[in-house]
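*Asks:* Chains as they are written, first to last, in the numbering used here: chain A, 1 to 147; chain B, 1 to 147; chain C, 1 to 77; chain D, 1 to 77.
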Amino acid sequence: MPAILLDKPFNPWDEIQAFQQDQLQSGHYGATTSFVGTMRDFNIDDSVSHMTLEHYPAMTQHFLDKLCLQCNERYALDDCLIIHRFGDIRPGEPIVLTAAWSAHRAPSFDACRFLMEELKSHAPFWKKEITENGERWVHNDQKSDEQ
Amino acid sequence: MPAILLDKPFNPWDEIQAFQQDQLQSGHYGATTSFVGTMRDFNIDDSVSHMTLEHYPAMTQHFLDKLCLQCNERYALDDCLIIHRFGDIRPGEPIVLTAAWSAHRAPSFDACRFLMEELKSHAPFWKKEITENGERWVHNDQKSDEQ
Amino acid sequence: MSITVQFFASLREQVGKQQTTLDYESPTNVLTVWSRASDGTTMPDNTLCAINMEYVKPDTMVADGDEVAFFPPVTGG
Amino acid sequence: MSITVQFFASLREQVGKQQTTLDYESPTNVLTVWSRASDGTTMPDNTLCAINMEYVKPDTMVADGDEVAFFPPVTGG
Numbered sequence: 001m002p003a004i005l006l007d008k009p010f011n012p013w014d015e016i017q018a019f020q021q022d023q024l025q026s027g028h029y030g031a032t033t034s035f036v037g038t039m040r041d042f043n044i045d046d047s048v049s050h051m052t053l054e055h056y057p058a059m060t061q062h063f064l065d066k067l068c069l070q071c072n073e074r075y076a077l078d079d080c081l082i083i084h085r086f087g088d089i090r091p092g093e094p095i096v097l098t099a100a101w102s103a104h105r106a107p108s109f110d111a112c113r114f115l116m117e118e119l120k121s122h123a124p125f126w127k128k129e130i131t132e133n134g135e136r137w138v139h140n141d142q143k144s145d146e147q
Numbered sequence: 001m002p003a004i005l006l007d008k009p010f011n012p013w014d015e016i017q018a019f020q021q022d023q024l025q026s027g028h029y030g031a032t033t034s035f036v037g038t039m040r041d042f043n044i045d046d047s048v049s050h051m052t053l054e055h056y057p058a059m060t061q062h063f064l065d066k067l068c069l070q071c072n073e074r075y076a077l078d079d080c081l082i083i084h085r086f087g088d089i090r091p092g093e094p095i096v097l098t099a100a101w102s103a104h105r106a107p108s109f110d111a112c113r114f115l116m117e118e119l120k121s122h123a124p125f126w127k128k129e130i131t132e133n134g135e136r137w138v139h140n141d142q143k144s145d146e147q
Numbered sequence: 001m002s003i004t005v006q007f008f009a010s011l012r013e014q015v016g017k018q019q020t021t022l023d024y025e026s027p028t029n030v031l032t033v034w035s036r037a038s039d040g041t042t043m044p045d046n047t048l049c050a051i052n053m054e055y056v057k058p059d060t061m062v063a064d065g066d067e068v069a070f071f072p073p074v075t076g077g
Numbered sequence: 001m002s003i004t005v006q007f008f009a010s011l012r013e014q015v016g017k018q019q020t021t022l023d024y025e026s027p028t029n030v031l032t033v034w035s036r037a038s039d040g041t042t043m044p045d046n047t048l049c050a051i052n053m054e055y056v057k058p059d060t061m062v063a064d065g066d067e068v069a070f071f072p073p074v075t076g077g
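1) Below 8 Å on C-beta distance, what does residue 137 (chain A) contact in chain B?
2) Short check: CB of residue 38 (chain C) to CB of residue 15 (chain C), under 7 Å?
3) Nearest chain B C-beta to residue 65 (chain C) closer than 7 Å, yes or no?
4) Nearest chain B C-beta to residue 10 (chain C) closer than 7 Å, yes or no?
5) Can you confirm whether residue 170 (chain B), when its beta carbon is compared against all beta carbons of chain C, has any partner nearer than 7 Å?
6) So what does DSSP say about residue 1 (chain D), is it helix, strand or coil?
7) Anyone know if the C-beta pair for residue 74 (chain C) and residue 125 (chain B) falls short of 7 Å?
8) Please name the residue or residues paired with residue 148 (chain A) in a DSSP beta bridge.
9) Report the start-end ranges of each alpha helix (DSSP H) in the segment 1-68 of chain C that is 4 residues or longer and not cut off at the edges.
10) Examine chain A for any beta-carbon lying closer than 7 Å to the beta-carbon of residue 49 (chain B), and answer yes or no.
11) Expressed to the nearest angstrom, what Euclidean distance is found between the alpha-carbon atoms of residue 55 (chain C) and residue 131 (chain B)?
12) When we look at the beta-carbon of residue 157 (chain B) and count the other beta-carbons within 10 Å, is it buried (16 or more) or exposed?
13) Thinking just about the alpha-carbon of each residue, which of B:89, B:63, B:102, B:140 is nearest to the one in residue 34 (chain B)?
14) What does the Cβ neighbour count give for residue 120 (chain A), buried or exposed, with the cut at 16 atoms within 10 Å?
15) Applying a beta-carbon distance threshold of less than 9 Å, which residues of chain B neighbour residue 111 (chain A)?
16) List the residues of chain A that residue 152 (chain B) touches, going by C-beta distances under 9 Å, in chain order.
17) When the cut-off is 7 Å and only beta carbons count, does residue 119 (chain A) lie next to chain D?
18) Quick check on DSSP: helix, strand or coil for residue 33 (chain A)?
19) Hey, residue 9 (chain A) and residue 81 (chain A) are a contact pair by Cβ (cut 8 Å); roughly how many whole angstroms apart?
20) Less than 7 Å between CB atoms is the rule here; does residue 1 (chain D) satisfy it with respect to chain A?
21) Where residue 57 (chain C) and residue 30 (chain C) are concerned, what is the direct C-alpha to C-alpha distance, given to the nearest angstrom?
22) Tell me whether residue 79 (chain B) sits in a helix, a strand or coil according to DSSP, three-state version.
23) In whole angstroms, what separates the C-alpha of residue 127 (chain A) from that of residue 112 (chain A)?
24) Along the chain, where does the beta strand (DSSP E) that runs through residue 136 (chain B) open and close?
25) Per DSSP, residue 8 (chain B) forms a beta bridge with which residues?
26) Which residue marks the beginning of the beta strand (DSSP E) containing residue 72 (chain D), and which one marks its end?
27) Starting from residue 28 (chain B), find everything on chain C with Cβ-Cβ shorter than 9 Å and list it in chain order.
28) Which of the three DSSP states, helix, strand or coil, is assigned to residue 26 (chain A)?
29) Which chain A residues are close to residue 92 (chain B), counting only those with a beta carbon under 8 Å from its beta carbon?
30) Taking all protein chains shown into account, decide if residue 85 (chain B) is buried (16 or more other Cβ within 10 angstroms of its Cβ) or exposed.
31) Closer than 7 Å, CB to CB, is residue 133 (chain A) near chain D or not?
32) Can a CB atom of chain D be found closer than 7 Å to the CB of residue 100 (chain A)?
33) In whole angstroms, give me the CA-to-CA distance for residue 56 (chain B) and residue 49 (chain C).
34) Note down, in chain order, each residue of its chain lying with its Cβ closer than 6 Å to the Cβ of residue 43 (chain C), except the 5 sequence neighbours on either side.
35) Do you know how far the Cα of residue 61 (chain C) is from the Cα of residue 25 (chain C)?
Dropping the structure here:
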């Protein structure tokens, strides 16, 4: 049930498989839903060369740990996983992975989406995009650069 | 936008990555939702040793192809993917993968679930479980052996 | 006209055949095809019917060369 | 009592500092901490406040040793 903060690129598909092998019992879960948020190379009007994801390290970790716990309490899961980048991120790189394992499909779908919606609305991260026209903080009322 | 029927085990995470590299443009999509249905080793009361998934080959392929098209029309997607096993399947093996790529997260979540719900309710597949107490066809009103 | 009929899964086992071909001289519908192909077995309430890979209702008329299929509720995924 | 104050992202840039420590002799709340720590800057309407890693409202009282944080709406994920 871990939430992992990373300052380097990661392969979400390798992480899912490693987590399944280490933490889950084969034949026990029947449903795995995963979401990967990837940095896009365009947003609003400007082309984005890269971005910096600032966070509040202790609070971010605390928030995501608590979110995993809440998610496991709320849905009938075998387990769930969050991985989130911070620092410098380039287009095409994964920013976030949420995944949820359960016996039946509804809880895994619902839990995976719950993790993302809570994370998007409350986890203390802030994106600054570096574009051809300079730097800018991403605002909530804009379409985010990736989802 | 392919729907692939397979009579052998597959690794859904490798398939997602291969599809992304071959068919999608890095930096263009921001959201990837995937669902993997895996065979469980228990259902109802009996322990299930394996199962046979019967299908109606031409109709199944036709149905899944049409479903991918419908999904792309209905949601703002970069693309979507369905892979489904048939024949003999053992506990722990993936049965089905649905995945959807989009710029923003809502269409990819919605499309991935739409694919699974349509597939579960209409795609011509029939599961027969082999248990300690003999063979049995799985019925709709039972909890499926995996989701 | 010639109609190919297929049965799947538990219906195949109940009816005791996988495939048969029927000849008709006058128009007929899916339900009538069922009766003859299944040797008079009553069609279970939840039976699904398809003509040429598309779901249809039992009162749909069939045409020469059609492939008619009968199967129980699906359980894939 | 001693209060640590942190600012993040665009608020850090607006206020011009990342962290400061304040001393109080009488009870005070988060909004008052903001005013003193930000040198009188008006708090933007959408500012989020946290004490010791938990979200709080601006009228929440602070206690000795608290870490108070101010930041704009989050944009992770």
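Yeah, the Cβ is synthetic: ideal placement off N, Cα and C, and Gly gets one too. Just so we're clear, the structure is a prediction, and the values are computed from it rather than from any experiment.
*Replies:* This is what the structure gives:
1) By Cβ distance, chain B contributes nothing, its closest Cβ being about 18 Å from residue 137 (chain A), past 8 Å.
2) In this structure, residue 15 (chain C) lies closer than 7 Å to residue 38 (chain C) by Cβ.
3) Taking Cβ atoms only, chain B never reaches closer than 7 Å to residue 65 (chain C), which makes this a no.
4) Between residue 10 (chain C) and chain B, the shortest Cβ-Cβ separation is below 7 Å.
5) Outside the modelled stretch of chain B, which goes from 1 to 147, sits residue 170 (chain B), for which no answer is possible.
6) Reduced to three states, the DSSP call for residue 1 (chain D) is coil.
7) The answer is yes: Cβ separation under 7 Å.
8) The structure shown does not extend to residue 148 (chain A), since chain A spans only 1 to 147, so no value can be given for it.
9) DSSP runs (the alpha helix (DSSP H)) wholly in the segment 1-68 of chain C: 9-15, 30-37.
10) No - not a single Cβ of chain A is within 7 Å of the one on residue 49 (chain B).
11) Cα to Cα, residue 55 (chain C) sits roughly 32 Å from residue 131 (chain B).
12) This structure cannot settle anything about residue 157 (chain B), because the visible part of chain B is limited to 1 through 147.
13) Of the listed residues, the one whose Cα sits closest to residue 34 (chain B) is B:102.
14) Classification for residue 120 (chain A): buried.
15) Result: empty, since nearest Cβ-Cβ is about 12 Å, beyond 9 Å.
16) With chain B running from 1 to 147 in the structure shown, residue 152 (chain B) is simply not present.
17) Yes, residue 119 (chain A) counts as interfacial toward chain D.
18) Here residue 33 (chain A) sits in strand by DSSP.
19) Contact flag wrong, Cβ pair sits at about 17 Å.
20) No, no contact with chain A.
21) Taking the straight line joining both Cα atoms gives about 8 Å.
22) The answer is strand: DSSP assigns residue 79 (chain B) an E or B state.
23) Spanning the two alpha carbons is a distance of roughly 22 Å.
24) The continuous beta strand (DSSP E) containing residue 136 (chain B) extends over residues 134-137.
25) Note: residue 8 (chain B) sits in no beta bridge, so no partner.
26) Boundaries for residue 72 (chain D): no beta strand (DSSP E) harbours it, and the DSSP string shows neither H nor E there.
27) Those do not exist, as residue 28 (chain B) stays about 29 Å from chain C at its closest Cβ, beyond 9 Å.
28) DSSP places residue 26 (chain A) in coil when its eight states are reduced to three.
29) Proximity of chain A to residue 92 (chain B) at the Cβ level (cut-off 8 Å) is accounted for by 26, 27, in chain order.
30) Around the beta-carbon of residue 85 (chain B), 16 or more other beta-carbon atoms lie within 10 Å, marking it buried.
31) No, because no Cβ of chain D sits closer than 7 Å to the Cβ of residue 133 (chain A).
32) Output row for residue 100 (chain A): interface = no.
33) As the crow flies, the alpha-carbon of residue 56 (chain B) is around 12 Å from that of residue 49 (chain C).
34) Contacts found: 34.
35) Taking the straight line joining both Cα atoms gives about 13 Å.
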